[in-house]
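What follows is one structure encoded as structure tokens, with my remarks underneath.
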């Protein structure tokens, strides 16, 4: 008592050292930031994160702890392979150990150990590896013996105390003064006896104990969620008992007093505080770590960069060269100050590689504002010509790393990544992808938690699908908003409420797992394990365990190598042109073609990069761009930023000359002059902050960045005050003037383009328009193969007929692996377009054709190519045998008969005589159905609505191509695209198509609510409303609508806008299946059952 | 231990621990609290968490469960054979 009174005996737990967060994947319900917030609020002085095989929460933990003013301890819980019982069947037994980093070196050791497990020994860390790491990391690591599942407890329960003591002695040899017996309390039976045993064990071996409860919940109310997530991780449902399931809600944050009461051992409590003190260090570096480029001996990266850039200055014409030189000098100075020459040379090395291997690649983003990047060949557009701002990209005060994004033809991105891995891999430690945090959305949460609650897969799928476009992007905690959908699928079953309660408890941005970033590659001259553990994604990609923001905080530089399908399409088109005409197209040096601009200006933009969407078509018809700058402006205009900030309508009116540009005061007049006095680009916000509000470039950059991200009203008010004060001092602006401008900037937020980025994209748009104009068949082949845009193949091929290009049907003797331009006006459908036919199978067919000659008969094909029965059947249905002179039904019958005689790919010793049957032919609609069902498009030129034309005419529906401006009409079309963007205030936009035209149907929020299910599930619509015709852009403001029942095939819109055969929704899948059932060979075509099944 | 699973009346002392339990018409004073733990309950069936006590009460060694809600029920889960 005297001790307590004097303060020598603690009655509180000062630190929670062994917490787990959602980075432990299914072992916790709380994120690092929330954990820190709670820990600080409850009065703990330190928090330690020891996630299961992960330090992915370390950056978030340290930043949050710094903000809250408490200490952060970085640790990890590792499964370790301890020696098994002598002469037992198992050589090893796995027990967890908690390792805490005492220094930056200790942190790097943790990363190495996690990497070892993730890449080499997924079952657990071999004990000798732990011993070796401990030897290297003397005084850098502290070891805790693990909680409830640690070996002292488990072996004690098994009465193998001698073994437990032996393990402790082994560990003590590795961690002489840093081994602690970990004490926790989980309110389990016999808890007190367990604690007494552990303390006795420690006393016997002269080891210290530490109070380190395994906290993994924020509140007691999170217990059901923890249990459900554990069940989901273990793949069991809640009715199945399992030792790893949590027993109760004891492992929540609690309070220092509560834990001290549960663990009333003063030495253990003191040791927790002591460990927290010794394990506090700064994980963040002072400067960025650049990769090392290849340099001539004795040359510094900066000198090499300057030499190369200055030599390339001759690219500029004489009249602008001096201006370019001046700008380059300034940029090189900035790069030297930031010591980033190595980074630029590295990026240039990547684009050099692409160029030398014929891979289309181009830098985008703010890097396009840099003369240096242009001269190094990283970007393709000249920033001086377009007056692009360098400071958006880089300035001396920049705290974050510059954004260099390189678009690479998607089909060859893997080749580039392999080369990068080889070039900088450093034996596997110098290169890795950045991780993306995959957070829970409603569908993924429904799947995981629904499985835990025992919902059958089909019900979970139905629920996921029913969430539709309205709710599928919602965070789980907003599940109540979608309660109507839950009721629709689950009715009033008690499981509905249980599921909703669980979803309510999932915190926003709850991380489900990590996956590779779409393109972010980190290159480093020192082993990456110094910064982060390395792991492999399920697809085999080596990646870090930190996302792009964390990587930046850790001082690493990221290079975005992004796959761009349009570049792949352009590259493929270029090869087609070379094959057909012998000409080589240099996309970097395309002539300015008036015909191309005329076609763009008319709204004829199908399949063009970035300007093919209905909204862009409308905008094109209004703005009629005639040069690259106008095109860049248009691309940037249809974005949430300009839409929210009210830029769109003034820009359009002023660009069309319908409204005068207001007389703005300087410097706004100059800054906004290129965009008709409106705010369109991020660079303009920077310039306003500098020239209007008097900020420095670094300050302006922070201002723009915070303005675009903040959701905090207090921070916004703070930014506004700084802006208003700066504007008053710099330009003498009245508060209300500055406030109006600030509000416009704030409304712009982060969802707008950098001007440099828009110019980079405009170049690709023009390139796609140019090649479409001059080589339409080659372009169509590229587009259909790579599928770069939003439109399904059927819509593009229908449109291509207007370009004068026709499709040729899939043919075993003519089709290749990809779509192929057979002439200047014909494209052959590829074998891979056939549903279920893999790339390998297509290659196998083509190789057999090339080596053994053309296939003469269906039987010849059957004998030479070994195919699965269902693939063969699909090929027949797709009409791939039509070119061999037999009908699809004849081929099905013949191959079905052969299938009974011998397996495919084997020649018969004796020929089999197949009796001929009189089989009826197929109607055009039947063939169309099979074409669409198997390849998603048809070479016949027929449209699914053609079969309904008479019926629609009788109903008074006007064809889409005959709509007149202002007319009130009934019309109908197949749905080919659905959009309901968040900026549209509840309006939905459906693109309807018939054989001759496409229109956009605008559906009001009221109508959407009234027909939500119909609009989600329908594949074709009959609509009534007023038509608006602007050039080629036709819209109908829908007043009434109903479904047009079609029968058996799915549309592309249902399938996600790309490929009608690859639909992910079971609704369309079932419809297809239904159709298949109706149309299987036997049933639909009166064939014998054997032929029907393709035997 | 044999299962009983019968609702009973229990009076508690300071700290919420059982003090007196009434079983088959007799009052048994809890003399020793042998063990104490917590059970999360089948939350998916709307069961509440329970505090569980293993007590020596007179001649009985009993396992008592208490629903963790205000006015929560007590029941005798098991008895030492």
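Chains as they are written, first to last, in our numbering: chain A, 8 to 1102; chain B, 150 to 230. The beta-carbon is built from N, C-alpha and C at its ideal position, and this holds for glycine as well.
Cα separation between residue 1002 of chain A and residue 953 of chain A?
Spanning the alpha carbons of residue 1002 of chain A and residue 953 of chain A requires a straight line of approximately 7 angstroms.
Counting along the chain, where does the alpha helix (DSSP H) carrying residue 883 of chain A start and finish?
876-885
Check whether the Cβ atoms of residue 414 of chain A and residue 127 of chain A lie closer than 9 angstroms to each other.
no
Could you list which residues in chain A have their beta carbon closer than 7 angstroms to that of residue 167 of chain B, in chain order?
Correct list: empty, because the minimum Cβ distance to chain A is about 16 angstroms.
If we define contact as Cβ-Cβ less than 9 angstroms, is residue 740 of chain A a contact residue for chain B?
Interface residue (Cβ-Cβ distance to chain B less than 9 angstroms): residue 740 of chain A is not classified as such.
What residues of chain A sit near residue 198 of chain B, judged by a beta carbon separation below 9 angstroms?
227, 230, 255 and 256
For residue 58 of chain A, count neighbouring C-beta atoms within 10 Å of its own C-beta (all shown protein chains included) and say buried if the count is 16 or more, exposed if not.
buried
Cα separation between residue 186 of chain A and residue 177 of chain A?
For residue 186 of chain A and residue 177 of chain A, the distance between alpha carbons rounds to 11 angstroms.
Taking only beta-carbon positions, decide if residue 197 of chain A is within less than 9 angstroms of chain B.
yes
Which bits of chain B does residue 194 of chain A rub up against, with CB to CB less than 7 angstroms?
186 and 187
Taking only the alpha-carbon atoms, compute the straight-line gap between residue 393 of chain A and residue 331 of chain A and give it to the nearest angstrom.
12 angstroms
Taking C-beta pairs closer than 9 angstroms, name the residues in chain B that residue 234 of chain A reaches, listed in chain order.
189, 192 and 193
Once you ignore the five residues that flank residue 22 of chain A on each side, which residues in its own chain have a CB closer than 8 angstroms to its CB?
51, 52, 53, 54, 55, 78, 80, 279, 280, 282 and 283
Give the DSSP bridge partners of residue 438 of chain A, in chain order.
Answer is A/530, bridged to residue 438 of chain A.
Taking a Cβ distance cut-off of 7 angstroms, strictly less, list which residues of the segment 449-461 of chain A are near chain B, in chain order.
460
Among A/481, A/62, A/224 and A/1052, which one has its Cα closest to the Cα of residue 34 of chain A?
A/224
Looking at chain B, which residues of the segment 488-522 of chain A have a Cβ within less than 7 angstroms of any of its Cβ atoms?
505
With a cut-off of 9 angstroms, does the C-beta of residue 420 of chain A fall near any C-beta of chain B?
Residue 420 of chain A has a beta carbon lying at 9 angstroms or more from every beta carbon in chain B.
Pick helix, strand or coil for residue 150 of chain A, following the three-state DSSP scheme.
strand
Does residue 228 of chain B come within less than 9 angstroms of chain A when only Cβ atoms are used?
no
Kindly indicate the opening and closing residues of the alpha helix (DSSP H) around residue 422 of chain A.
420-431
Here's the rule: buried if 16 or more other CB atoms are within 10 angstroms of the residue's CB, otherwise exposed. What is residue 513 of chain A?
buried
Determine, for residue 200 of chain A, whether the minimum Cβ-Cβ distance to residues of chain B falls below 9 angstroms.
yes
Once DSSP output is grouped into helix, strand and coil, what is the label at residue 290 of chain A?
Assigned with DSSP and collapsed to three states, residue 290 of chain A falls in coil, not helix or strand.
Buried or exposed: which applies to residue 678 of chain A, given that a residue is buried once 16 or more other Cβ atoms fall within 10 Å of its Cβ?
buried
How big is the Cα-Cα spacing for residue 859 of chain A and residue 811 of chain A?
35 angstroms
On the DSSP bridge list, what partners appear for residue 977 of chain A?
A/1031, per the DSSP bridge assignment.
Please look up how many angstroms separate the CB atoms of residue 484 of chain A and residue 510 of chain A, rounded, as I've assumed it's under 8 angstroms.
7 angstroms
Quick check on this structure: which residue in A/1020, A/621, A/19 and A/544 has the alpha carbon closest to the alpha carbon of residue 1006 of chain A?
A/621
Where does residue 1073 of chain A fall in DSSP's three states?
With a pLDDT of only 32 at residue 1073 of chain A, under 50, the local geometry of the prediction cannot be trusted, and the value read off the model is given with reservation. Reduced to three states, the DSSP call for residue 1073 of chain A is helix.
Measure the Cβ-Cβ separation of residue 230 of chain A and residue 203 of chain A and say whether it is below 9 angstroms.
By the CB criterion at 9 angstroms, residue 230 of chain A and residue 203 of chain A fall outside the cutoff.
Please decide whether residue 853 of chain A counts as near chain B, where near means a Cβ-Cβ distance under 9 angstroms.
no
Cβ of residue 944 of chain A within 9 angstroms of Cβ of residue 804 of chain A?
yes
What number of angstroms, rounded off, separates the C-alpha of residue 1062 of chain A from the C-alpha of residue 982 of chain A?
Because residue 1062 of chain A carries a pLDDT of 39, less than 50, the predicted location of this residue cannot be relied on, and no value is offered for it.
Tell me whether residue 1077 of chain A is buried or exposed, calling it buried when 16 or more other Cβ atoms sit within 10 Å of its Cβ.
Caution is warranted here: a pLDDT of 28 is assigned to residue 1077 of chain A, below 50, making its placement in the model unreliable, and the coordinate value is therefore given only provisionally. It is exposed - the Cβ of residue 1077 of chain A has fewer than 16 other Cβ atoms within 10 Å.
Rounded to the nearest angstrom, what separates residue 210 of chain A and residue 149 of chain A at their Cα positions?
Approximately 19 angstroms between the Cα atoms of the pair.
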